[in-house]
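Take a look at the structure set out below.
Protein chains: 4
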Amino acid sequence: MASGDELVTSSNPEHPANLIPSLCAKFWTLGWVTGTGGGCSICEDDLVYIAPSGVQKELMKPSDIYVLSLAAQDASLKNRVYLRSPPCYKPSQCTPLFLAAFTLRGAGCCIHTHSHWAVLVTLLLESTDSPKMFEINNIEQIKGFGRGFQKTGNLGYHDTLRIPVIENTPHEEDLTEFLEEAMRQNPDTYAVLVRRHGVYVWGDNVHKAKTQCESLDYLFQLAVEMKRLNLPWISEVTPVGPQR
Amino acid sequence: MASGDELVTSSNPEHPANLIPSLCAKFWTLGWVTGTGGGCSICEDDLVYIAPSGVQKELMKPSDIYVLSLAAQDASLKNRVYLRSPPCYKPSQCTPLFLAAFTLRGAGCCIHTHSHWAVLVTLLLESTDSPKMFEINNIEQIKGFGRGFQKTGNLGYHDTLRIPVIENTPHEEDLTEFLEEAMRQNPDTYAVLVRRHGVYVWGDNVHKAKTQCESLDYLFQLAVEMKRLNLPWISEVTPVGPQR
Amino acid sequence: MASGDELVTSSNPEHPANLIPSLCAKFWTLGWVTGTGGGCSICEDDLVYIAPSGVQKELMKPSDIYVLSLAAQDASLKNRVYLRSPPCYKPSQCTPLFLAAFTLRGAGCCIHTHSHWAVLVTLLLESTDSPKMFEINNIEQIKGFGRGFQKTGNLGYHDTLRIPVIENTPHEEDLTEFLEEAMRQNPDTYAVLVRRHGVYVWGDNVHKAKTQCESLDYLFQLAVEMKRLNLPWISEVTPVGPQR
Amino acid sequence: MASGDELVTSSNPEHPANLIPSLCAKFWTLGWVTGTGGGCSICEDDLVYIAPSGVQKELMKPSDIYVLSLAAQDASLKNRVYLRSPPCYKPSQCTPLFLAAFTLRGAGCCIHTHSHWAVLVTLLLESTDSPKMFEINNIEQIKGFGRGFQKTGNLGYHDTLRIPVIENTPHEEDLTEFLEEAMRQNPDTYAVLVRRHGVYVWGDNVHKAKTQCESLDYLFQLAVEMKRLNLPWISEVTPVGPQR
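Here it is, written out as structure tokens:
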């Protein structure tokens, strides 16, 4: 075994080095990580597990995973020290973006997709009065999102889900400052859209990141279908039932 | 074994505690239970098997299942006594809605989906003259539905399938009274749409609930595609062949 | 073993009693046989293998299959004698339609789907000047079809594929005379569309029926997408390359 | 073993004779090789591995594969000598097109799909001012393509991806001269669209051909969705972030 290989070797299917490949294979079938795009990272205690750059996501193996220490990173998140590096690969350009979710939001998992629905939503917003914010309300699936950072409970049916949109940059790691700025300006969001590129979604743990990412992709697809049918994303609905 | 675990432990794949996870995994691939939304419940004799709240539907295990006695519930369906509860979970908010199908319709299985097609149909109806009723006729798949509660035989090709629509409420269990009212006003329906939310579909047994739910989702998708192509849901078709 | 069970018992995966379930499971994932709709039948020498009515197509087992003798059927195809009947099922209403493909065209396999794309094509044709014939040309996939009954070779790229459309009847077996009439009027077709219902596709053997059915569903989907984008199904294309 | 069978017999899943069937099965689920259309070929050193004509792509076996020697082919690529031929099959009409990618571009793998999205893009281009070139820019997935033949690095986010379109011919092998001409006129492209037919995509190795083909299909689907939503394929986007 090479140095650090013990960090990605486990018979437990819930170990991050096993979970990332199985999650990515599932995401590939959903069209989220086509052609090596997108990815997924898990942070457990101090350890961050990240898939390499340019790997076919449905074929990934635990031995492909990078591991780094969260505490060992400096504030810029740019001079990274790896506890374990797979041979023959390069680190993902998404790394500083995943680290931002872990350090600024205490997330336990962050998922990046290139889903068509996410990209189309950012394209549809481009020519509107509010190109920097996706907003939708009065759809049940909105209840799949937490109320926000360090808050308890989930959004309600009548609440408006707001996902900020940042502009894409030629180099993915250059997105980091804009992602961090969007997090600061939207402290309760669990996701940031990247124009003409995709979306970053995180959660307190793998379960929450994955289910929030699914719920969001569901809403993006619904939003595109609604636009085709001339149905508005924001509506006024008269409340029904007991108000609590 | 904890108390009640024997109620969800069986080597028979047709046992409700085994069927619910395998059905939910299938429903997940169909996009019906994305992001922990939706669910499925089976009633066999007096026992009701229900999935917990907030679980990833494609990962569910028999040991995740709640079991309660139908006879032990009071009329309000709100003070529930469980014969078996899984650790670490909360009961589903859908529980009283499933119970309504079992008590008012003698259903053996009830499925709740968040399918995009169901939601889009309710959105398309919103601005019509008949926002509370989905109607379609002269499509072969309509024959996939029973004629109604305690009736024999299935709908015919020329019959109009009618599915009532109720308004969504902030808390899912508050839908119960509206679902029950829709059942009373539409005694023969096997399904109720919930605006901006999804659909509840039931049947005398698992086979019928599942095939009726599939047929309905097929019709909802077809209806959305028809709307995009400016094709009406209700048509006059001259009967062909021997009329019996 | 009950009488006739040996007709559906084989360890050979290519045996019709094994092939029909595996084909139907595949068709279910393609959305062709949703909610017990549609089906598949194979004719090998004198024996005809048919799935029962009302079974979930992705769950079918070899022991569910009916077997009848082609020679033993009378001309009306209505007084059927079964060599083997599964317990607890009813014969499929599609039976006389499958038999028509076997007796009139010498087909070895016939597939019936309720594909959305087939239904939408029949709906789109309804309001045109030629509601009884689907026509498309200058698409490569057209080469997936044989030139016709007892002819050798396949259609060419510039050939027009023509699929007749018959009107639906309340009882599926009443379609038989119209299907037979369409076969007589269109001797070279390998498929007949049924308005608001689906399509019947056959071939000399399982391979040809299945690949022609796939190619046709591909063309139906393409045709619907073309209609959405205002692209005509019939075009004039200047030939390129050596003409042979 | 028949002569040449050792060329397609290996326990290594990465051996071309094993890879082609597993890739084609995956492509079938993506809708790229419906109804025996499309295909895939791998070139390793001097050996070229090619699937036969008319085989169901999700059922292909290593023993179905043809093998020929690249060096043994004459300049016309038409008088082919096979080192190994499967019984009962005919060579694919795509053979000279795959060979063109191997000889003119030194590709290690070439994929041919009949994807709906590729065909629709060529149909949408037909009536434009630039029917012979698909162009798209400012979409992240463009970075999935290499800069071109014998160049290092990949396209950037702001670069325009250009894929030439050639007209279809009645006989697939007659496409060869047009494909070669398109390669000469567009030396950096890794793909050529064929009007009303599909697309050929290649890469230095299997990994690159497959991920470029996925990225391209992603972009074709996005382009069709954009057209439906009246969003242009070419845009002016103000650069963001440090320019390097």
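Protein chains in written order, with the UniProt record's numbering: chain A, 1 to 244; chain B, 1 to 244; chain C, 1 to 244; chain D, 1 to 244. The beta carbon of each residue, even a glycine, is placed where N, CA and C say it ideally should be. Here the structure is a predicted model, which is why all the values come from computation and not from measurement.
Spatially closest choice to residue i from the options, by CA coordinates
i, options, result
"N137 of chain C", "D:R196, D:S127, D:D45, D:V81", "D:R196"
"V8 of chain D", "D:K57, D:G35, D:D64", "D:D64"
"Q150 of chain D", "D:Y190, D:G144, D:M60, D:Y66", "D:Y190"
"N230 of chain C", "D:D46, D:V224, D:P232", "D:V224"
"A107 of chain D", "D:A25, D:V206, D:L23", "D:V206"
"W202 of chain C", "C:F102, C:A2, C:Q73, C:L23", "C:F102"
Residue(s) in a DSSP beta bridge with residue i
i, result
"T160 of chain D", "D:N137"
"A100 of chain A", "For A100 of chain A, which the question treats as bridged, DSSP gives no partner whatsoever."
"T113 of chain C", "C:V199"
"residue 247 of chain C", "Within the shown structure, residues of chain C are numbered from 1 to 244, placing residue 247 of chain C beyond reach of any answer."
"A191 of chain C", "C:V201"
"N168 of chain D", "In the DSSP output, where bridge partners are listed per residue, N168 of chain D has none listed."
"Y82 of chain A", "A:L68"
"C40 of chain C", "C:I111"
"P242 of chain B", "DSSP lists no partner for P242 of chain B."
Residue i to residue j span [Cα, whole Å]
i, j, result
"V33 of chain A", "S53 of chain A", "12 Å"
"R184 of chain C", "R105 of chain C", "10 Å"
"T122 of chain C", "R228 of chain B", "15 Å"
"M133 of chain A", "F220 of chain A", "13 Å"
"T29 of chain D", "A209 of chain C", "19 Å"
"Y66 of chain B", "F98 of chain B", "13 Å"
"V237 of chain D", "K143 of chain D", "16 Å"
"P13 of chain A", "G39 of chain B", "25 Å"
"H158 of chain D", "S11 of chain C", "58 Å"
"P16 of chain D", "N79 of chain C", "54 Å"
"Y49 of chain A", "N154 of chain D", "26 Å"
"C94 of chain C", "C213 of chain C", "17 Å"
"K57 of chain C", "G31 of chain C", "11 Å"
"V192 of chain D", "T36 of chain D", "20 Å"
"S215 of chain D", "Q141 of chain D", "6 Å"
"L19 of chain C", "P232 of chain A", "48 Å"
"C43 of chain D", "S85 of chain C", "52 Å"
"L179 of chain C", "A71 of chain C", "21 Å"
"P170 of chain C", "M60 of chain C", "26 Å"
CB of residue i within 9 Å of CB of residue j, strictly
i, j, result
"C109 of chain D", "S41 of chain D", "yes"
"L161 of chain D", "E177 of chain D", "no"
"D204 of chain B", "R147 of chain B", "no"
"D217 of chain B", "A118 of chain B", "yes"
"E181 of chain B", "I166 of chain B", "yes"
"F27 of chain B", "I139 of chain B", "no"
"N186 of chain A", "V240 of chain D", "no"
"P91 of chain C", "P62 of chain C", "no"
"L83 of chain B", "G4 of chain B", "yes"
"T113 of chain A", "V199 of chain A", "yes"
"S69 of chain A", "V81 of chain A", "yes"
"D174 of chain A", "P242 of chain D", "yes"
"L120 of chain D", "L222 of chain C", "yes"
Chain-ordered chain A contacts of residue i [CB-CB under 7 Å]
i, result
"T211 of chain D", "G35, T36, Q56"
"D129 of chain B", "In chain order: nothing, as chain A lies at least about 17 Å away."
"Q141 of chain D", "G35, G37, H114"
Proximal chain B residues relative to residue i, where beta-carbon distance stays under 7 Å
i, result
"M226 of chain A", "L123"
Chain C residues whose Cβ lies nearer than 9 Å to that of residue i
i, result
"L229 of chain B", "L120, L123, L124, V224, K227, R228"
"H171 of chain D", "G156, Y157, G241, P242, R244"
Contacts that residue i makes with chain C (C-beta to C-beta distance below 8 Å)
i, result
"N138 of chain B", "N168, R196"
"G144 of chain B", "G35, T36, G37"
Contact test: residue i Cβ vs the ligand NAD heavy atom, cutoff 8 Å
i, result
"V240 of chain B", "Inclusion of the ligand NAD in the displayed structure is not the case, the ligand content being empty and no account of it being possible."
Contact set between residue i and chain B, taken where Cβ atoms lie within less than 9 Å
i, result
"Y218 of chain A", "G31, T34, G35, G37, H114, H116"
Contacts that residue i makes with chain D (C-beta to C-beta distance below 7 Å)
i, result
"Q221 of chain C", "H116"
"S215 of chain C", "T34, G35"
Chain D contact residues for residue i, given Cβ-Cβ distances below 8 Å
i, result
"H207 of chain C", "Q56"
"E135 of chain C", "Those do not exist, as E135 of chain C stays about 15 Å from chain D at its closest Cβ, beyond 8 Å."
Under 7 Å from the C-beta of residue i: neighbouring residues of chain C
i, result
"D174 of chain D", "G241, P242"
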